[in-house]
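Be aware that the first sequence starts at 134, since it is given in our numbering, and climbs by one per residue. One structure is given here, and the rest of the page talks about it.
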Amino acid sequence: MNDLPTKYDPKEIEDKIYSKWESEGLFTADEASEKEPYCIVIPPPNVTGILHIGHALNNTIQDILARWKRLQGYEVLWLPGTDHAGIATQNVVERDLAKENLRRVDIGREKFLERVWKWKEEHGSTIIHQLKRLGSSCDWSRTRFTMDEGLSRAVKEVFLRLYEDGLIYKGDYIINWCPRCETALSDEEAEHRDTPGMLYYIKYPIKGREKIEKENEDYIVVATTRPETMLGDVAVAVNPKDERYSHLKDKTIILPILKRELKVIFDENVDPEFGTGALKVTPAHDPVDFELGIKHGLNRINVMNSDGTINEIGGDFEGMDRFEAREAIIDELKDMKLFIKAQEHDHAVGHCYRCHTVVEPRLSKQWFVKMKPLAKEAIEVVKDGSIKFYPDRWTKVYLNWMENIRDWCISRQIWWGHRIPVWYCKDCLGYRNVRDVEVNEPGKKGVYVGQEEVTKCPSCGGTNLEQDPDVLDTWFSSWLWPLSTLGWPDETKDLEKFYPTDALVTAQEIIFFWVARMIMSGLKFKKAIPFKDVYIHGTVRDVTGTKMSKSLGNVIDPLEVIDEVGSDALRYSIISITSQGQDVFLSKEKFEIGRNFANKIWNASRYVLMNLDEKVLGGKIDESTLTLADRWIRSKYFDTIEKVTKSLESYRFNDAASVLYDFIWHSYCDWYLEFSKLSSDSVNTQKILVDVLMGCLKLLHPIMPFITEEIFQKMPGDKAKWIMTSEWPTPDKEHTDQAAMEGMEKLIKIITSIRNIRAFWNIPVKADLAIFVDVKNSEDKELIENNVKYIKQFGRCHVEEVKENLERPEQSVAALVDEIRVYMPIGDTIDVENEKKRISQKIDQMEQFLKGLNKKLNNKGFTANAPEEVVKKEEDRRKNYQNQVDNLKENIEALR
RNA sequence: GGGCGAGUAACUCAGCUGGUCUAGAGUGCUUCCCUUACAAGGAAGAGGUCGUAGGUUCGAAUCCUACCUCGCCCACCA
134 MNDLPTKYDP KEIEDKIYSK WESEGLFTAD EASEKEPYCI VIPPPNVTGI
184 LHIGHALNNT IQDILARWKR LQGYEVLWLP GTDHAGIATQ NVVERDLAKE
234 NLRRVDIGRE KFLERVWKWK EEHGSTIIHQ LKRLGSSCDW SRTRFTMDEG
284 LSRAVKEVFL RLYEDGLIYK GDYIINWCPR CETALSDEEA EHRDTPGMLY
334 YIKYPIKGRE KIEKENEDYI VVATTRPETM LGDVAVAVNP KDERYSHLKD
384 KTIILPILKR ELKVIFDENV DPEFGTGALK VTPAHDPVDF ELGIKHGLNR
434 INVMNSDGTI NEIGGDFEGM DRFEAREAII DELKDMKLFI KAQEHDHAVG
484 HCYRCHTVVE PRLSKQWFVK MKPLAKEAIE VVKDGSIKFY PDRWTKVYLN
534 WMENIRDWCI SRQIWWGHRI PVWYCKDCLG YRNVRDVEVN EPGKKGVYVG
584 QEEVTKCPSC GGTNLEQDPD VLDTWFSSWL WPLSTLGWPD ETKDLEKFYP
634 TDALVTAQEI IFFWVARMIM SGLKFKKAIP FKDVYIHGTV RDVTGTKMSK
684 SLGNVIDPLE VIDEVGSDAL RYSIISITSQ GQDVFLSKEK FEIGRNFANK
734 IWNASRYVLM NLDEKVLGGK IDESTLTLAD RWIRSKYFDT IEKVTKSLES
784 YRFNDAASVL YDFIWHSYCD WYLEFSKLSS DSVNTQKILV DVLMGCLKLL
834 HPIMPFITEE IFQKMPGDKA KWIMTSEWPT PDKEHTDQAA MEGMEKLIKI
884 ITSIRNIRAF WNIPVKADLA IFVDVKNSED KELIENNVKY IKQFGRCHVE
934 EVKENLERPE QSVAALVDEI RVYMPIGDTI DVENEKKRIS QKIDQMEQFL
984 KGLNKKLNNK GFTANAPEEV VKKEEDRRKN YQNQVDNLKE NIEALR
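Right under this line is the structure:
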């Protein structure tokens, strides 16, 4: 290792190590193992996915847990896979097709699906390779894809069971429709964004009035944000208590343009305060209106095609895009003198979560899952603590959503996905278009729901069957992920061993999409929770606080970062700046933290190896001859083990990272490594040097797997073949030496204050200083005498005398550590005024603290109420400060 | 409209159930040092009335209330 470079180069190492781990099968879980299981299922990235920084954070956290638990002796399964991502993937392939001037309808369903599968085969593993570069210790032998045979079977099974339980139905409802993707979306898939819009005021004439002159006599005014939907109006609604409109009871309204006759309905849900208090009712294009329609028995008139253009009902407007039609209708209303005004009005508008097109609430026949019955238990398991959220605040968010859950629209009018396992017998049903079949009752004649394709109608024996053309929402397979990846519906060994899984690590965006639904499906189909802990990490944002996204061009490419600084550095950096559940603001410079740390570890290890005498390693530590430094570092190391373990247990990864950083850098490297140079040929020192380093590498391995493995491989003295499969360190209480900790801290303080004085007085580094030490007790005297070498070496001085109540030497300045005074005669160079100033500043500072302490201790309330320990502690501190102040004052006196 | 999070050193952030907090880290800044592990480094240092105003308490960055700024999520006010 002597000839190793002084700079750590991850490129040489990471790929090499990863393939070794992989070929050794270290990631592969054994379902027959006797060990306690620990299982994490990956939030499956989209097959179309490319590793972004959010993935990097998400998977680093999972890998930390997996590696840590593996070291702790668990049988760890981190189960990977990808999601077919219906709409997203279909869009990608459609874009591909568009390059050949083709649309999917041009080549037909079958050919199109072939293309998607081909695309998947060619590009679908990109993200997997990228996860490997990150160092993810997933069990790749168990990699799953949501459209795999087994997972598809699970989907069908679940559909069937829900259908039989009456929890699935098909019918006409208002759903969110994306006119660009031309499919229905679930409520969760419509992202509501506050959008500046207009509220348009329009006169609707009252039937039988010739002129349009007097408001409420000749016409009433309605306000709407989407005038184009008026083509589908069937009524005008007002509040029954609204006296302005009470005279409308038996009146009919004439819809402008189309001249349709509209009823006036009275409903308490109409807010008299909003707009004019008169609401145009369009049951086919608005959820509120839809409800009103049911309540008041109104027609539903759908005025739009699937692409968002106006259909034949719109007359002259047919074929216009909805926004174009909006303008055109307003123009026409203006010509008709029925348009009053447009008022600025901001409101939340739904956008497609895949393509960001404004979604259209639209009446449509879709499949739904009844959610309330599923939610009940899912609420309980979180309330009773069977499932815990980290951080806890998400519990409330989860419960709030669960308690207000609405039915889940699961059908999508796309081709890529799990096709709905329903076949219709056209003979029984007599329908030409199966899309129009309404199915609300299981076992309805002519409708077959099952695992297998049917060719013969079970009711009439006819062969004129057609499968439902729709596919299921992508999340309808994802919500089964912990079950289906482990083999469900079969009672596999994997399922038995690893279900329920232990931790789920994910981002807040998919709590509703995924986390909540998995809990429901686990309880419904396996009668058990899918995981125990849910760790919700923050969102990665750029320095301006904007979410990183490709379209905004503010992304940091983790692969680029890995190329530049290595995976370990990326992992360490991102973990160290991510405190529990807080959003992360990231810029490229942040990765220097990890890069520099990796380099530090590399060099410290280089040094240890360089000075290692192989023979020495055969020897044993002789407890009786350990130096103070040896005992100190070992105790601090045990402390570190505890802190790191505790941090990981409570999902405080950044704490673990910073504890290790602080210990390795500032205790081990800055001090111990230097101390060790004074006894570099001692068995004790060499062994402790190696032991502590090895222990630290293990503690660090979950966060920085590559560099720790590389050094471990080079380092003699541990019987494990791989650090990855070695053992998590535990503190040795017997050898935790409190006195050594305190003694060493004191020495460090003495050395620091000597250096401080040297810097303050500009004493050249090379100049030797003489030191006189005044102590107040024999312990301190002993401490210093026994460890004079450290002071000498690191204070660059020689100790002339250590004595109780030593007299201050002439022309000296003093450093004060607790009760110890270190005098340094610096001869004629001493500038008395300057030294006085330096000391007075210290006195001022100290006296400030003292004042506070005195106030506290003179307060009877404090001494009476505070715990004894605390009072004692404060008293000790006061004594200490008082001593220091006295010391300092004496010093000033002595300068006269 | 409801909920959540953030506001701490020039910058980016830690600080968990109130007392080892005399408020820390990293970066940046100042001074010195290429000392044979590391200049991606070492040593020393400057820098903060912990958003504002109240309250609880012997004691508050930490708990409570209100407010101010910023960000996010949820919600059918057309």
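No residue lacks a Cβ here, since even glycine has one placed at the ideal position from N, Cα and C. Keep in mind the model is a prediction, meaning the values are calculated, not measured.
In whole angstroms, what separates the C-alpha of residue i from that of residue j?
i: residue 690; j: residue 732; result: 22 Å
i: residue 789; j: residue 660; result: 36 Å
i: residue 215; j: residue 139; result: 40 Å
i: residue 831; j: residue 760; result: 25 Å
i: residue 566; j: residue 497; result: 14 Å
i: residue 1026; j: residue 890; result: 19 Å
i: residue 597; j: residue 570; result: 15 Å
i: residue 762; j: residue 717; result: 39 Å
i: residue 988; j: residue 692; result: 57 Å
i: residue 557; j: residue 422; result: 32 Å
i: residue 990; j: residue 951; result: 20 Å
i: residue 317; j: residue 471; result: 34 Å
i: residue 1024; j: residue 797; result: 37 Å
i: residue 605; j: residue 501; result: 10 Å
i: residue 335; j: residue 546; result: 35 Å
i: residue 544; j: residue 292; result: 12 Å
i: residue 178; j: residue 221; result: 12 Å
i: residue 134; j: residue 673; result: Its pLDDT being 44, under 50, residue 134 is placed unreliably by the model, and the measurement read from it follows with that caveat. Between residue 134 and residue 673, the C-alpha separation is close to 39 Å.
i: residue 944; j: residue 981; result: 29 Å
i: residue 107; j: residue 842; result: Residue 107 lies beyond the range of the chain shown here (134 to 1029); nothing can be said about it.
i: residue 80; j: residue 928; result: What the structure shows of the chain is the stretch from 134 to 1029, and residue 80 is not part of that stretch, so it cannot be assessed.
Can you tell me where the alpha helix (DSSP H) holding residue i begins and where it ends?
i: residue 151; result: 143-156
i: residue 913; result: 911-919
i: residue 251; result: 237-256
i: residue 299; result: Per DSSP, residue 299 belongs to no alpha helix (DSSP H) and is neither H nor E.
i: residue 965; result: 965-991
i: residue 204; result: 186-204
i: residue 462; result: 455-468
i: residue 779; result: 761-782
i: residue 356; result: Where residue 356 is concerned, there is no enclosing alpha helix (DSSP H), although the beta strand (DSSP E) it sits in stretches over 352-357.
Residue range of the beta strand (DSSP E) that residue i falls in?
i: residue 750; result: Note, residue 750: premise wrong, no beta strand (DSSP E); alpha helix (DSSP H) at 747-750.
i: residue 499; result: 493-502
i: residue 954; result: 953-958
i: residue 171; result: 170-174
i: residue 207; result: Here residue 207 belongs to no beta strand (DSSP E), and DSSP marks it neither H nor E.
i: residue 907; result: 902-908
i: residue 369; result: 368-371
i: residue 100; result: The chain is shown only over 134 to 1029; residue 100 falls outside these bounds and no answer can be derived.
Check the DSSP bridge columns for residue i and list the partner residues they point to.
i: residue 281; result: For residue 281, which the question treats as bridged, DSSP gives no partner whatsoever.
i: residue 600; result: 556
i: residue 688; result: BP columns for residue 688 are empty, so no partner.
i: residue 330; result: 478
i: residue 545; result: 604
Legend entry - Inter-stretch contact at 8 Å, needing at least 3 Cβ pairs: the segment 524-532 / the segment 216-227: Contact fails: fewer than three Cβ-Cβ distances are below 8 Å.
Inset, instruction - Check whether the segment 395-404 touches the segment 367-378, counting contact only when three or more Cβ pairs, one atom from each stretch, lie closer than 8 Å. - result: Output reads yes: the segment 367-378 touches the segment 395-404.
Legend entry - Sequence ranges, alpha helix (DSSP H) only - wholly within the segment 807-876, length at least 4: Counting only runs of 4 or more, we get 816-833, 838-847.
Legend entry - Validate contact between the segment 514-530 and the segment 651-658 using beta carbons, cut 8 Å, 3 pairs: Proximity of the segment 514-530 to the segment 651-658 meets the contact definition, three or more beta-carbon pairs being nearer than 8 Å.
Inset, instruction - Decide yes or no for the touch test of the segment 449-464 against the segment 427-435: beta carbon pairs closer than 8 Å, at least 3 of them. - result: Segments in contact, no.
Inset, instruction - Spell out a yes or no on whether the segment 262-274 and the segment 174-184 are touching, meaning 3 or more CB-CB pairs, one atom from each, closer than 8 Å. - result: As far as the Cβ criterion goes, the segment 262-274 touches the segment 174-184, which means the pair count is three or higher.
Legend entry - Secondary structure, alpha helix (DSSP H): runs of 4+ residues fully inside the segment 394-436: For the segment 394-436, whole alpha helix (DSSP H) runs of length 4 or above, ordered along the chain, are 420-429.
Inset, instruction - For the segment 858-866 and the segment 927-942, state whether three or more C-beta atom pairs, one from each stretch, are separated by less than 8 Å. - result: Segments in contact, no.
Legend entry - Inside the segment 503-541 only - beta strand (DSSP E) runs reaching at least 3 residues: Within the segment 503-541, the complete beta strand (DSSP E) segments at least 3 residues long are 521-523, listed from N- to C-terminus.
Legend entry - Inter-stretch contact at 8 Å, needing at least 3 Cβ pairs: the segment 786-800 / the segment 823-838: By the Cβ test, the segment 786-800 is in contact with the segment 823-838, since at least three Cβ pairs between them sit closer than 8 Å.
Inset, instruction - Report the residue ranges of all beta strand (DSSP E) runs contained in full by the segment 606-649; include only those spanning at least 3 residues, in chain order. - result: Uninterrupted beta strand (DSSP E) stretches at least 3 residues long and entirely within the segment 606-649 occur at 634-640, given in chain order.
Inset, instruction - Decide if the segment 706-723 is in contact with the segment 160-167; the criterion is three or more beta carbon pairs, one per stretch, under 8 Å apart. - result: Contact between the segment 706-723 and the segment 160-167 is absent, because fewer than three Cβ pairs lie under 8 Å.
Inset, instruction - Count the C-beta pairs between the segment 741-749 and the segment 806-820 that are closer than 8 Å, then say yes if the count reaches three, no if not. - result: These segments touch.
Legend entry - Three CB pairs or more closer than 8 Å across the segment 330-347 and the segment 464-478: Short answer: they touch.
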